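When we follow our numbering, the leftmost residue of the sequence shown carries the number 108, and every step to the right adds one.
Read the structure below first, then the notes.
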Amino acid sequence: MNQKINIVTMANVKSWKGIEHIDNDIAMIEKTSNVMLPAGPCRIRFIVMAICTKGSLEYTLNTEEVIVRPGDLLTISERYVIDNFKPSPDFEGLSIVFSVDFFYEIISDVNDLSAVFLFARNHPVLRLAQAEGGIFQRYFYAIKNRVVDEGKHFRKSLVRTLMLAMFYDMSNVIYQYQQAEQPQKSAYVIFTRFIRLVEQYHRSQHRIGWYAQQLGITQKYLSETVKSVSQRTPNEWVNSYIMSELCVMLKHTTKSIKQITADLHFPNQSFLGKYFKQHAGVSPSDYRKRIRS
Numbered sequence: 108m109n110q111k112i113n114i115v116t117m118a119n120v121k122s123w124k125g126i127e128h129i130d131n132d133i134a135m136i137e138k139t140s141n142v143m144l145p146a147g148p149c150r151i152r153f154i155v156m157a158i159c160t161k162g163s164l165e166y167t168l169n170t171e172e173v174i175v176r177p178g179d180l181l182t183i184s185e186r187y188v189i190d191n192f193k194p195s196p197d198f199e200g201l202s203i204v205f206s207v208d209f210f211y212e213i214i215s216d217v218n219d220l221s222a223v224f225l226f227a228r229n230h231p232v233l234r235l236a237q238a239e240g241g242i243f244q245r246y247f248y249a250i251k252n253r254v255v256d257e258g259k260h261f262r263k264s265l266v267r268t269l270m271l272a273m274f275y276d277m278s279n280v281i282y283q284y285q286q287a288e289q290p291q292k293s294a295y296v297i298f299t300r301f302i303r304l305v306e307q308y309h310r311s312q313h314r315i316g317w318y319a320q321q322l323g324i325t326q327k328y329l330s331e332t333v334k335s336v337s338q339r340t341p342n343e344w345v346n347s348y349i350m351s352e353l354c355v356m357l358k359h360t361t362k363s364i365k366q367i368t369a370d371l372h373f374p375n376q377s378f379l380g381k382y383f384k385q386h387a388g389v390s391p392s393d394y395r396k397r398i399r400s
């Protein structure tokens with residue numbers, strides 16, 4: 108069965124009942140009943156940071172099932188497809204929705220924060236201790252109070268400053284989940300730039316050499332640096348993005364394997380089939396049948 112992937116933008120979020128916002132930059136959601144996602148799969152065009160305070164929430168992120176419980180910090184990147192959104196009847200939470208441009212505007216001079224959030228975006232649910240959850244909740248209400256105060260001339264600057272402070276505080280929490288020792292700042296910068304390139308170009312550029320060339324470094328140095336920061340090789344990162352995109356297209360579109368081959372710039376359909384089976388254990392057609400059965 109074909110399911111159209113709906114696009115949800117900041118404009119959609121702003122139209123929901125009871126949403127406080129500033130332009131297309133940030134929106135605050137205090138009542139989960141105000142969230143009006145379309146039925147079926149949807150791809151968001153913003154970043155979400157939220158905490159579950161009561162009940163539970165189940166959904167699929169691309170094709171992975173996610174369960175959120177009280178005390179969990181939830182991060183969803185703009186590149187993901189959300190489906191099967193099922194909050195429990197008593198589910199409650201606090202959500203901060205912000206544009207990608209606003210996020211990078213806030214952390215433009217803080218490269219280590221960018222790397223930390225790239226980690227969070229690939230580990231979308233983190234269990235928080237009670238005190239850590241309290242930190243997020245206090246920031247939520249402090250930011251919301253500034254967002255609703257339209258009379259203040261420096262309202263947006265205050266929100267930006269509070270968001271940066273929150274990012275720093277929550278980064279201290281996220282650091283605890285990183286297994287590797289903290290690399291040098293230059294390594295974080297390279298890793299961050301690499302991931303941004305992968306997010307933007309993984310559909311058309313599969314070779315690690317191309318990414319190294321864009322960064323002005325050797326492929327060997329890129330491999331060593333990315334592995335030291337993330338404990339994953341550049342190939343593993345690129346493959347994870349490509350496979351995620353492939354699974355989404357196979358599940359949510361009726362495009363033929365030949366069309367998907369062209370969209371993702373594989374040399375031919377046979378090559379794509381071998382690539383997918385190597386990483387998923389089944390052929391693309393078998394995966395499509397299984398996921399839709």
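Ideal placement from N, C-alpha and C gives every residue a C-beta, glycine not left out.
Predicted model only: the values in this text are computed from it and were never measured.
- Task: Buried or exposed for residue 358, please, with buried defined as at least 16 other CB atoms from any protein chain shown within 10 angstroms of its CB.
- Result: buried
- Item | Length of the line joining the Cα atoms of residue 317 and residue 296 | 18 Å
- Compare the Cα-Cα distances from residue 146 to each of 156, 179, 121 and 188 and report the closest residue. 188
- Give the range of the alpha helix (DSSP H) segment to which residue 194 is assigned. Here residue 194 belongs to no alpha helix (DSSP H); instead the beta strand (DSSP E) covers 188 to 194.
- For residue 212, count neighbouring Cβ atoms within 10 angstroms of its own Cβ and tell me buried if that reaches 16, exposed if not. In this structure residue 212 is exposed. Its beta-carbon is surrounded by fewer than 16 other beta-carbon atoms within 10 angstroms.
- residue 143 in three-state terms, based on DSSP: coil
- In the structure shown, what three-state DSSP assignment does residue 343 receive? helix
- Item | Through-space distance from residue 163 to residue 368, alpha-carbon basis | 38 Å
- Task: Can you tell me the Cβ-Cβ gap for residue 266 and residue 253, rounded? I've got them flagged as a contact below 8 Å.
- Result: 5 Å
- Message: Using 8 Å for Cβ pairs, my map puts residue 129 next to residue 251. What's the rounded Cβ distance?
- Response: Residue 129 to residue 251, Cβ: 11 Å. No contact.
- Item | Beta-bridge partners of residue 162, as assigned by DSSP | DSSP output for residue 162 lists no bridge partner at all.
- Query: Could you give the residue range of the alpha helix (DSSP H) that holds residue 120?
  - Reply: 117 to 122
- Item | Alpha-carbon to alpha-carbon, residue 333 and residue 397 | 34 Å
- Query: How is the alpha helix (DSSP H) around residue 389 delimited, first residue to last?
  - Reply: Per DSSP, residue 389 belongs to no alpha helix (DSSP H) and is neither H nor E.
- Message: What does the alpha-carbon distance come out to for the pair residue 159 and residue 208?
- Response: 25 Å
- Query: Since residue 177 contacts residue 193 with CB under 8 Å, what's their CB separation in whole angstroms?
  - Reply: Not quite, the Cβ-Cβ distance comes to about 16 Å (not below 8 Å), so this is no contact.
- Item | Beta-bridge pairing of residue 200 - partner residues as DSSP gives them | 159
- Item | Contact set for residue 365: own chain, Cβ-Cβ below 7 Å, skip 5 residues either direction | 376
- Taking the alpha-carbon positions, what's the residue 290 to residue 242 distance? Low confidence applies to residue 290: its pLDDT is 47, below 50, so where it sits in the model is not reliable enough to give any reading.
- Item | Cβ neighbour criterion (16 or more within 10 Å) applied to residue 186 | buried
- Could you tell me if residue 395 is buried or exposed, where buried requires 16 or more neighbouring beta carbons within 10 angstroms of its beta carbon? buried
- Item | Residue environment, residue 247, which counts as buried when at least 16 other CB atoms sit within 10 Å | buried
- Residue from 347, 234 and 256 with nearest C-alpha to residue 157: 234
- Can you tell me the Cα-Cα spacing of residue 249 and residue 272, whole angstroms? 11 Å
- residue 274 vs residue 337 beta-carbon contact at 8 Å: no
- Unbroken alpha helix (DSSP H) runs of length 4 or more, entirely within the segment 238 to 309: which are they? For the segment 238 to 309, whole alpha helix (DSSP H) runs of length 4 or above, ordered along the chain, are 262 to 282 and 292 to 308.
- What residues in its chain sit with their C-beta under 7 Å from that of residue 415, if we drop five residues either side in the sequence? The shown model of the chain, from 108 to 400, leaves out residue 415, and the question about it has no answer.
- Query: What residue range is occupied by the uninterrupted alpha helix (DSSP H) comprising residue 127?
  - Reply: Where residue 127 is concerned, there is no enclosing alpha helix (DSSP H), although the beta strand (DSSP E) it sits in stretches over 127 to 129.
- Message: Using the three-state DSSP reduction, which class does residue 183 fall into: helix, strand or coil?
- Response: strand
- residue 169 vs residue 355 beta-carbon contact at 8 Å: yes
- Task: Can you tell me which of the three DSSP states residue 167 falls into?
- Result: strand
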